[in-house]
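Worksheet: one structure, shown below.
Numbering (my numbering), first residue to last: 4 to 244.
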């Protein structure tokens, strides 16, 4: 098995051709390779036409890889991007840098997920897809500073039945409301929340908003990096801390 995250400068995404020419030919007795490879690309000094998701997929055809999934997000104006290629069915317990280019599928072995998108927001319906495709998710980290565009959430309640750790430290305030308001997302096992104090205080209206009280009332660990003075309602909002 190969689980790899690579940062490249002035280069291209790792694809099926590179994986074959730079790895597999040196392991002639290898019968099967199960992999998950992230390429984080930043081309500051040279203009390179980066491959599309369809081209990445074609680079694996005719080789001994089996079924392959791929997600590609290229920021053309900044000459940078992210490409994730992986064997299917997915065999690892972690999935890194999932963004809005995610193609979907069943990832029932994944317990830890990092969602990261610096271009597009994560909308409510996208979290619904994630809850279905990652049914046994236990740890979720959201990195996205883009505000949601669709503020009118559907009536469908999203459930993450096994999630016990949620990190919103690098997330826009919209995702705090998305996850802490029980009418949007139900988190029956959430115990650990990492968050900025300002976002938490604003969304909960200084710990008086009942919409987040159910989720916050179950927390046993609250991680806030900056110092703060606990207001009067804080202990009532987090009775188990």
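Where is the CB? At the ideal position from N, CA and C, for every residue including glycine.
Only a predicted model underlies this, so the values are computations on that prediction, with no experimental measurement involved.
{"Check": "Relative to the C-alpha of residue 193, which residue among 203, 224, 202, 200 is closest?", "Outcome": "224"}
{"Check": "In this structure, how does DSSP classify residue 32 when only helix, strand and coil are distinguished?", "Outcome": "coil"}
{"Check": "Where residue 12 and residue 84 are concerned, what is the direct C-alpha to C-alpha distance, given to the nearest angstrom?", "Outcome": "11 Å"}
{"Check": "Just to confirm before moving on: does the CB-CB distance between residue 101 and residue 77 stay below 9 Å?", "Outcome": "no"}
{"Check": "Using a Cβ-Cβ cut-off of 7 Å (strictly less than) and excluding sequence neighbours within five positions of residue 19, which residues of its own chain qualify?", "Outcome": "62, 63, 66, 68"}
{"Check": "Is the stretch 168–179 touching the stretch 132–143, taking contact as three or more C-beta pairs under 8 Å?", "Outcome": "yes"}
{"Check": "One question on the structure: do residue 183 and residue 206 come within less than 9 Å of each other, judged by their Cβ atoms?", "Outcome": "yes"}
{"Check": "Mind reading off the beta-carbon distance from residue 249 to residue 75? Whole number of angstroms is fine, and I expect it under 8 Å.", "Outcome": "What the structure shows of the chain is the stretch from 4 to 244, and residue 249 is not part of that stretch, so it cannot be assessed."}
{"Check": "For my contact list, residue 177 and residue 155 are in at a C-beta cut-off of 8 Å; report their separation, rounded to the angstrom.", "Outcome": "Wrong, their Cβ atoms sit about 13 Å apart, outside the cutoff."}
{"Check": "State the start and end residues of the unbroken alpha helix (DSSP H) segment that holds residue 148.", "Outcome": "Counting along the chain, residue 148 falls outside any alpha helix (DSSP H), and DSSP gives it neither H nor E."}
{"Check": "Using 9 Å as the threshold, is the C-beta distance between residue 110 and residue 161 below it?", "Outcome": "no"}
{"Check": "Measure from the alpha carbon of residue 121 to the alpha carbon of each residue in 132, 112, 149, 92, then state which is nearest.", "Outcome": "149"}
{"Check": "Using only CA atoms, which one of 180, 188, 134 lies nearest to residue 158?", "Outcome": "188"}
{"Check": "Determine, using beta carbons only, whether residue 96 and residue 114 come nearer to each other than 9 Å.", "Outcome": "yes"}
{"Check": "State the beta-bridge partners of residue 216 as determined by DSSP.", "Outcome": "Bridge partners of residue 216: none, in fact."}
{"Check": "How long is the line joining the alpha carbons of residue 208 and residue 47, rounded to whole angstroms?", "Outcome": "43 Å"}
{"Check": "Can you tell me whether DSSP reads residue 173 as helix, strand or coil?", "Outcome": "strand"}
{"Check": "Within 10 Å of its beta-carbon, does residue 9 have 16 or more other beta-carbons around it, so buried, or fewer, so exposed?", "Outcome": "exposed"}
{"Check": "Rounded C-beta distance between residue 72 and residue 99? I'm assuming under 8 Å.", "Outcome": "Contact doesn't hold; Cβ gap of about 14 Å is too wide."}
{"Check": "Return the first residue and the last residue of the beta strand (DSSP E) that residue 39 is part of.", "Outcome": "38–45"}
{"Check": "Using the C-alpha atoms, what's the distance from residue 236 back to residue 211?", "Outcome": "7 Å"}
{"Check": "Excluding five sequence neighbours on each side, which residues of the same chain lie with their C-beta closer than 6 Å to the C-beta of residue 38?", "Outcome": "5, 90"}
{"Check": "Using DSSP's beta-bridge definition, name the partner residues of residue 88.", "Outcome": "40, 73"}
{"Check": "Taking the beta strand (DSSP E) that residue 10 falls in, what are its first and last residues?", "Outcome": "5–12"}
{"Check": "Are the CB atoms of residue 153 and residue 127 nearer to each other than 9 Å?", "Outcome": "yes"}
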